[in-house]
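A.B. asks:
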Amino acid sequence: MRILVTGGAGFIGSHLIDRLMMEGNEVICLDNFYTGRKHNVLKWIGHPYFELIRHDVTEPIRLEVDQIYHLACPASPVHYQYNPVKTIKTNVIGTLNMLGLAKRIKARFLLASTSEVYGDPEVHPQAEEYWGNVNPIGIRSCYDEGKRVAETLTFDYHRQNDVDIRVVRIFNTYGPRMLENDGRVVSNFIVQALKGVPLTVYGNGAQTRSFCYVSDLVDGFIRLMNSNHTGPINLGNPEEYTILELAQTIQRMVNPDVDIRFEPLPQDDPRRRRPDITKAQKLLDWQPTVPVSEGLRLTIEDFRSRLGVPGTISNTDRVGSV
Ligand code: NAD
Ligand code: UDP
Numbered sequence: 112m113r114i115l116v117t118g119g120a121g122f123i124g125s126h127l128i129d130r131l132m133m134e135g136n137e138v139i140c141l142d143n144f145y146t147g148r149k150h151n152v153l154k155w156i157g158h159p160y161f162e163l164i165r166h167d168v169t170e171p172i173r174l175e176v177d178q179i180y181h182l183a184c185p186a187s188p189v190h191y192q193y194n195p196v197k198t199i200k201t202n203v204i205g206t207l208n209m210l211g212l213a214k215r216i217k218a219r220f221l222l223a224s225t226s227e228v229y230g231d232p233e234v235h236p237q238a239e240e241y242w243g244n245v246n247p248i249g250i251r252s253c254y255d256e257g258k259r260v261a262e263t264l265t266f267d268y269h270r271q272n273d274v275d276i277r278v279v280r281i282f283n284t285y286g287p288r289m290l291e292n293d294g295r296v297v298s299n300f301i302v303q304a305l306k307g308v309p310l311t312v313y314g315n316g317a318q319t320r321s322f323c324y325v326s327d328l329v330d331g332f333i334r335l336m337n338s339n340h341t342g343p344i345n346l347g348n349p350e351e352y353t354i355l356e357l358a359q360t361i362q363r364m365v366n367p368d369v370d371i372r373f374e375p376l377p378q379d380d381p382r383r384r385r386p387d388i389t390k391a392q393k394l395l396d397w398q399p400t401v402p403v404s405e406g407l408r409l410t411i412e413d414f415r416s417r418l419g420v421p422g423t424i425s426n427t428d429r430v431g432s433v
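Take 112 as the starting number for the sequence shown in the numbering used here and just add one per residue.
1. Between the alpha carbons of residue 114 and residue 375, how many angstroms are there, rounded?
2. For residue 328, which of helix, strand or coil comes out of DSSP?
3. DSSP three-state label for residue 234, please.
4. Can you tell me which of the three DSSP states residue 223 falls into?
5. Check whether the Cβ atoms of residue 220 and residue 166 sit closer than 9 Å, and answer yes or no.
6. Should residue 385 be counted as a contact of the ligand NAD given a C-beta to heavy atom distance under 8 Å?
7. Would you give the residue range spanned by the beta strand (DSSP E) that residue 142 belongs to?
8. Take the Cβ of residue 416 as the centre, count every other Cβ of all protein chains shown within 10 Å, and call the residue buried at 16 or more, exposed below.
9. When you compare only the Cα positions, how much space is there between residue 127 and residue 330?
10. CA-CA distance, residue 395 and residue 209?
11. Would you say the beta carbon of residue 227 is closer than 8 Å to some non-hydrogen atom of the ligand NAD?
12. Can you tell me whether residue 353 is buried or exposed? The criterion is at least 16 other CB atoms within 10 Å of its CB, across all chains shown.
13. Is the Cβ-Cβ distance between residue 382 and residue 347 less than 9 Å?
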């Protein structure tokens, strides 16, 4: 199979490419390297089945492929808020261009959407039927509303032009290869603990998230792409933690001497988030297999080697959950 992965040099995209290449597919990785790194796909450069193209999805492109995984979009609030107009362009014009390509070449198209379409949810846990509670004019809107329009476009191309679509709503995902300056909570806490500087908890840390290890997510992506279901389908780990619990867990695992510092909560920060994964379980026979303690261990080891910080991880039997 010939497969295009947009955003393929990024965190999730590069793990997806590893799986697709190992399964013997021909893969085209398309990326503008905003938050992605060539290093993430370095091991495939020179492989006869692999091609890397520097391209911005806001510009059209002509390619011949069977499947498109459309991931191109910065995912961390720090990076997507740096140039919000560009984030909207990437989500709207970029998705439009990739759907146009899928239509022209009759490729199956999978959109990497997000739990952010639920906004600051008033329904808990979040099932796919919930329409969300999103501020249309806030600092997160370029991403949340951008992804909501991307979903709308995807379903309109399906209804109007018969494009074969899949939509996945990804909940917070973490793992090796996140950028040191990514700005998301797991990488921030790990990098801070390894550097011996205080862990920055925003607000009082009572807000919750559910953290999925990247290999589980990639497995769900491939199952959905090759199933007969359009989605939208939630993929995430339903174990829910407060941000303070996460900070204390990482503190315990990496460096018990490091402080926790409370900083202001950013505007519109969702208070609670946890996926209802009943659909993924029933339709895709999918559920996360990597416990958070193990996923964190693997992520800490990766950061430790990249940052050149020696040491070992303290034992942790259990990550507290709410
Ligand atoms: P990431 O920032 O590591 O990867 C995004 C990739 O897209 C990068 O390689 C970046 O350079 C590329 N990119 C950005 N704008 C582009 C453009 N205009 N043209 C071409 N390439 C562009 O983020 P990630 O965590 O790997 O996220 C991948 C996808 O999954 C994103 O669409 C994101 O919205 C979605 N998602 C991720 C999470 C998560 O927790 N990681 C949660 C929900 C949704
Ligand atoms: N957060 C935090 N400290 C940090 C980074 C993030 O307390 O250094 C909080 C943030 O306010 C949010 C949660 O952790 O409540 C998850 O943030 P992230 O940016 O990882 O993802 P998102 O908010 O998009 O789910």
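Note that beta-carbon positions come from the ideal geometry of N, C-alpha and C, so glycine has one too.
C.D. replies: A quick look at the data gives this:
1. Rounded to whole angstroms, residue 114 to residue 375 spans 43 Å at the Cα level.
2. Of the three classes helix, strand and coil, the one that applies to residue 328 here is helix, per DSSP.
3. Three-state DSSP puts residue 234 in coil, outside helix and strand.
4. It is a strand residue.
5. Contact: no.
6. Not under cutoff, so the answer is no.
7. DSSP places residue 142 inside the beta strand (DSSP E), whose first and last residues are 137 to 142.
8. So residue 416 counts as exposed.
9. The C-alpha of residue 330 is placed about 8 Å away from the C-alpha of residue 127.
10. Whole-angstrom Cα-Cα distance: 25 Å.
11. The answer is yes for residue 227.
12. When all chains shown are included, residue 353 counts as buried.
13. No, the Cβ-Cβ distance between residue 382 and residue 347 is not below 9 Å.
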